[in-house]
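Q: Going line by line, the protein sequences match chains A and B.
So the mapping is simple: this note's numbering equals the position in the first sequence, first residue as 1, plus 222.
So the mapping is simple: this note's numbering equals the position in the second sequence, first residue as 1, plus 222.
Where a beta carbon is used, it is the ideal one built from N, C-alpha and C, also for glycine.
Protein chains: 2
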Amino acid sequence: MPRFPEIAATASTTRGAVYSTVAARLAAHRGETYPLHIGDTWLEPAVGCRMEDLLSAEIEGLHRYAPVAGHPLLVEAICRTVEKRGGPPTGPENILVSAGATGALAAAAAALVDPDDEVLLLAPYWPLIAGIVHQARGRPVPVPVFAGEVDSVPALIAACDARASERTVALYLNTPNNPTGRLLPRPWIEALVAWARSRELWILADEVYEDYVYRGEHTHTRPLAPERTFAAHSFSKAYGMAGNRCGYLLGPADAIADARKIAAHTFYSTPTAAQIAAARVLAGPGEAWIADARRRYAEIGDEAAARLGTRAPAGSTFLFLDVAEHLGPAGLRGLLETCADRGLLIAPGPSFGPYPTHVRICFTSAPPEVVRRGVETLARLLGR
Amino acid sequence: MPRFPEIAATASTTRGAVYSTVAARLAAHRGETYPLHIGDTWLEPAVGCRMEDLLSAEIEGLHRYAPVAGHPLLVEAICRTVEKRGGPPTGPENILVSAGATGALAAAAAALVDPDDEVLLLAPYWPLIAGIVHQARGRPVPVPVFAGEVDSVPALIAACDARASERTVALYLNTPNNPTGRLLPRPWIEALVAWARSRELWILADEVYEDYVYRGEHTHTRPLAPERTFAAHSFSKAYGMAGNRCGYLLGPADAIADARKIAAHTFYSTPTAAQIAAARVLAGPGEAWIADARRRYAEIGDEAAARLGTRAPAGSTFLFLDVAEHLGPAGLRGLLETCADRGLLIAPGPSFGPYPTHVRICFTSAPPEVVRRGVETLARLLGR
């Protein structure tokens with residue numbers, strides 16, 4: 223019982239800001255900075271879909287509440303988008319528009335997790351998912367997969383089997399993967415779906431980088447198991463609208479009804495202006511914007527990977543490097559501090575699962591020329 | 223354990239959309255509708271603070287993530303605002319900018335409540351607070367106060383004493399009050415603070431209608447107990463920006479640090495455009511906008527109260543009526559349905575606590591001429 227001045231146990235044991243451990247060192251740095259630690263883009267959203275394009279006189283209720291489930295214009299546009307990419311059948315009852323994919327996954331986790339339930343997280347994973355499960359009073363259980371730990375479907379399923387327990391209620395997967403830039407191949411996803419079905423598990427499919435694939439093909443999970451899959455999507459990543467805080471959750475109607483109740487009691491509704499901007503980008507310039515961004519992201523991603531001597535990304539906007547051989551007595555923190563002293567911010571491996579000697583960089587969080595100089599700084603520090 | 227297709231117990235027992243029980247009946251209605259069930263305003267935000275006024279070329283990072291704690295411009299503006307209204311001393315470490323006051327109170331509740339902890343809610347209360355406590359796995363405990371149940375400080379404290387238990391961790395109060403339009407007088411708040419202190423409780427002070435007082439004076443709770451008070455404020459209610467989803471939470475630095483972790487894992491950050499708009503309104507046209515809105519709200523509020531034969535509101539944007547004598551065999555739902563058949567939506571009393579024969583109307587959710595006709599419809603149905 224958190225009597226004043228104590229705080230609830232779940233809150234006080236939640237991880238703090240995962241990216242900011244060395245921000246203080248950066249403050250002392252003079253000169254250019256390279257903020258490669260956060261997943262964002264240097265590109266502005268498409269013309270016609272920016273805040274200045276949203277006119278009060280034209281859009282009724284632009285500054286008023288939207289419905290909890292989502293603005294009807296956007297909900298309709300999402301239905302069409304899902305249909306265009308091949309289904310499954312998706313109506314308004316399958317949709318929750320949310321405060322980014324973070325809001326989507328937080329609502330889904332709160333809907334699925336009772337205290338002490340376990341959620342398997344294919345690792346390395348998007349850093350906030352572990353805290354989201356923790357806040358739902360559940361236990362995140364990493365299953366190391368994407369950093370080369372498994373190389374076949376049987377090994378993948380064996381890894382899941384080894385971590386599953388009687389308390390497991392759901393499996394989380396993130397493809398294209400943040401932080402490794404890898405994709406789950408279709409046969410792997412099919413095997414995971416069959417395995418989840420055999421164990422009566424829910425699936426959380428985080429697909430916010432679905433549009434950023436440079437090699438291979440993205441496989442949507444929900445069409446393979448629409449009865450048990452929550453899929454999280456985002457306008458932040460797809461269309462350069464991270465600050466708008468708009469994403470969406472797709473799932474079975476009954477479960478979405480529960481996720482909507484969670485949403486109503488955490489962020490209430492998604493910003494109306496963000497929803498109008500999202501509906502516009504889906505209806506108009508979105509496809510061309512993505513095609514252009516994808517080309518630019520691939521170019522700088524490949525260049526960064528080559529300079530750092532790592533595999534070119536198949537998707538997403540990240541590279542994940544094992545820097546074990548470059549760590550001194552001060553360990554990973556020492557490296558992060560040395561980077562910060564040179565104006566470079568990178569994300570520490572432990573944020574993504576059991577990766578004490580890895581770091582992640584985002585190659586789209588600043589303009590390519592800035593990323594290039596940041597990558598050069600890192601490459602030299604690593605003697606590459 | 224919510225094995226597929228089951229949902230977590232907390233989610234499935236959370237109340238659904240509290241305002242929409244009779245929306246289907248409304249769909250069959252032809253003619254004008256009167257949406258007096260939701261708290262919103264017909265006014266557009268101040269010129270210069272609308273979406274169309276936010277220019278990508280002028281505002282760096284307009285569509286990119288803001289820090290979890292809040293955009294530095296807005297955080298600074300909030301510090302100045304708190305100082306202007308007399309304190310207590312408030313720095314950035316005391317502030318979490320949030321997805322509306324809903325996001326603020328959800329983060330505060332999640333920070334304070336462990337499973338089965340109890341939170342006293344002075345009732346009638348803002349409807350979402352009960353579900354927010356429930357989602358934090360706590361138990362909301364109504365303390366009927368505002369609808370005439372207590373008429374003195376000793377009676378108030380006795381009511382609190384009667385509902386407190388060993389599991390009580392916090393006291394929630396909402397003044398100016400939604401739904402009754404009443405204010406907690408300063409001596410009442412002083413007594414509540416002393417009582418909370420004596421029992422080592424946290425205080426959640428929901429003050430989103432602080433600027434809308436027509437009779438009497440609003441008392442801020444946090445200056446009386448800054449060490450234990452979370453105060454929730456909102457640009458939605460103050461400045462006609464409900465769709466922007468921007469509010470803020472004030473509190474002790476350590477507790478705010480925990481609330482920020484909750485926020486990062488539910489909505490991540492507050493929309494950047496909304497924060498810029500909020501910073502601008504605080505720095506410029508906000509005061510004049512509020513003065514004008516307050517005058518207009520008071521006018522239609524007084525008129526609505528007179529027509530319905532109830533006490534004129536002291537603050538907020540609501541009237542709360544006991545309609546017991548007008549309920550037939552179909553009870554409150556029957557009345558709500560009859561209203562919906564005439565195009566009128568009102569909110570049911572049980573959303574606000576143990577008020578099975580009350581209804582709430584908002585007198586600012588539509589232009590005054592529309593509210594006037596809606597109120598006339600209700601008055602005739604009630605034979606007033």
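Does any C-beta atom of chain A lie closer than 7 Å to the C-beta of phenylalanine 574 (chain B)?
A: Answer no: the Cβ-Cβ gap between phenylalanine 574 (chain B) and chain A never drops below 7 Å.
Q: List the residues of chain B that asparagine 466 (chain A) touches, going by C-beta distances under 8 Å, in chain order.
A: His285, Pro493, Thr494, Ala495
Q: With C-beta atoms as the reference, is alanine 526 (chain B) less than 7 Å away from valine 592 (chain B)?
A: no
Q: Taking 7 Å as the threshold (C-beta atoms), are isoleucine 425 (chain B) and threonine 451 (chain B) in contact?
A: yes
Q: Which term fits threonine 263 (chain A), buried or exposed, when burial requires 16 or more other beta carbons within 10 angstroms of its beta carbon?
A: buried
Q: Just to confirm my understanding: we take tyrosine 241 (chain A), look at its own chain, exclude 5 residues before and 5 after, and list those with CB closer than 7 Å. What are they?
A: The predicted model places tyrosine 241 (chain A) with a pLDDT of 44, which falls under 50 and marks its position as unreliable; any figure quoted below should be read in that light. Same-chain partners within the cutoff: His259, Ile260, Ala569.
Q: What would DSSP say about leucine 446 (chain A), mapped onto helix, strand or coil?
A: helix
Q: Run through DSSP, which three-state label would leucine 600 (chain A) get?
A: helix
Q: Answer with yes or no whether the minimum CB distance from tyrosine 241 (chain A) to chain B is below 7 Å.
A: Any reading at tyrosine 241 (chain A) must be qualified, since the residue scores a pLDDT of 44, below 50, and its modelled position is unreliable; the value itself is stated next. Tyrosine 241 (chain A) does not count as touching chain B.
Q: Following the continuous alpha helix (DSSP H) through tryptophan 208 (chain B), name the residue where it begins and the one where it ends.
A: Residue 208 (chain B) lies beyond the range of chain B shown here (223 to 606); nothing can be said about it.
Q: Assign tyrosine 241 (chain A) to one of three DSSP states: helix, strand, or coil.
A: Note that tyrosine 241 (chain A) scores a pLDDT of 44, beneath 50, so its modelled location is shaky; the value from the coordinates is reported in the next line. Of the three classes helix, strand and coil, the one that applies to tyrosine 241 (chain A) here is coil, per DSSP.
Q: Based on DSSP bridge pairs, tell me the residues matched to tryptophan 424 (chain A).
A: A:Ala392
Q: Quick one: which chain B residues come within Cβ less than 7 Å of aspartate 480 (chain A)?
A: Ile229, Ala233, Ser234
Q: Just the chain B side, please: which residues come within less than 8 Å of proline 337 (chain A) by C-beta, in chain order?
A: Pro337, Arg359
Q: Around the C-beta of proline 346 (chain A), are 16 or more other C-beta atoms found within 10 angstroms, so that it is buried, or is it exposed?
A: Buried: at least 16 other Cβ atoms inside 10 Å.
Q: Using 7 Å as the threshold, is the C-beta distance between alanine 291 (chain B) and arginine 482 (chain B) below it?
A: A contact, by the Cβ cut-off of 7 Å.
Q: Compare the Cα-Cα distances from serine 573 (chain B) to each of B:Gly270, B:Pro474, B:Ile583 and report the closest residue.
A: B:Ile583
Q: Of the residues that make up the region 304–330 of chain B, which ones have a beta carbon closer than 7 Å to any beta carbon in chain A?
A: Ala321, Gly322, Thr324, Gly325, Ala328
Q: Using the C-alpha atoms, what's the distance from serine 491 (chain A) back to isoleucine 498 (chain A)?
A: 13 Å
Q: Answer yes or no: does any C-beta atom of chain A fall closer than 7 Å to that of glutamate 254 (chain B)?
A: Using beta-carbon distances, glutamate 254 (chain B) does not count as an interface residue toward chain A, since no partner is under 7 Å.
Q: Please report the residue range of the alpha helix (DSSP H) in which glutamate 509 (chain A) lies.
A: 508–530
Q: Leucine 276 (chain A) to alanine 386 (chain A), Cα distance in whole Å?
A: If I take the Cα positions, the gap works out to 48 Å.
Q: Take the Cβ of alanine 245 (chain B) as the centre, count every other Cβ of all protein chains shown within 10 Å, and call the residue buried at 16 or more, exposed below.
A: Its Cβ having fewer than 16 others within 10 Å, alanine 245 (chain B) is exposed.
Q: Counting C-beta neighbours from all protein chains within 10 Å, is the total for glycine 370 (chain B) 16 or more, i.e. buried, or is it exposed?
A: exposed
Q: Closer than 8 Å between beta carbons: that is the criterion. Which residues of the region 394–412 of chain B meet it against chain A?
A: none
Q: With a 10 Å radius around its C-beta and 16 neighbouring C-beta atoms as the bar for buried, classify lysine 459 (chain B) as buried or exposed.
A: buried
Q: Start and end of the alpha helix (DSSP H) containing alanine 454 (chain A)?
A: Not the alpha helix (DSSP H): alanine 454 (chain A) falls in the beta strand (DSSP E), residues 451–456.
Q: Flag aspartate 262 (chain B) as yes if its beta-carbon sits less than 7 Å from any beta-carbon of chain A, otherwise no.
A: At a cut-off of 7 Å between beta carbons, aspartate 262 (chain B) contacts chain A.
Q: Quick check on valine 372 (chain B): buried or exposed, where buried means 16 or more other Cβ atoms within 10 Å of its Cβ?
A: buried
Q: Which residues in chain A sit within 7 Å of glutamate 429 (chain B), going by Cβ to Cβ distance?
A: Near glutamate 429 (chain B) there are no residues of chain A at all, since even the closest Cβ is about 17 Å away, more than 7 Å.
Q: Put tyrosine 287 (chain B) into one of helix, strand or coil per three-state DSSP.
A: When secondary structure is reduced to three states using DSSP, tyrosine 287 (chain B) falls in the coil class, being assigned neither helix nor strand.
Q: Restricting to runs no shorter than 3 residues, where is the beta strand (DSSP E) found entirely within the region 298–326 of chain B?
A: 317–320
Q: Judging by CA-CA distance, which residue of B:Ala329, B:Ala501, B:Pro267, B:Tyr461 is the nearest neighbour of isoleucine 354 (chain A)?
A: B:Ala329
Q: What residue does the beta strand (DSSP E) around isoleucine 583 (chain A) start on, and which one ends it?
A: 580–584
Q: Determine the direct distance from the alpha carbon of proline 349 (chain B) to that of glutamate 432 (chain B), and round the result to whole angstroms.
A: Looking at the two C-alpha atoms, the distance is approximately 18 Å.
Q: Let's test the definition: count the other Cβ atoms within 10 Å of the Cβ of proline 474 (chain B) and tell me whether it reaches 16, buried, or not, exposed.
A: buried
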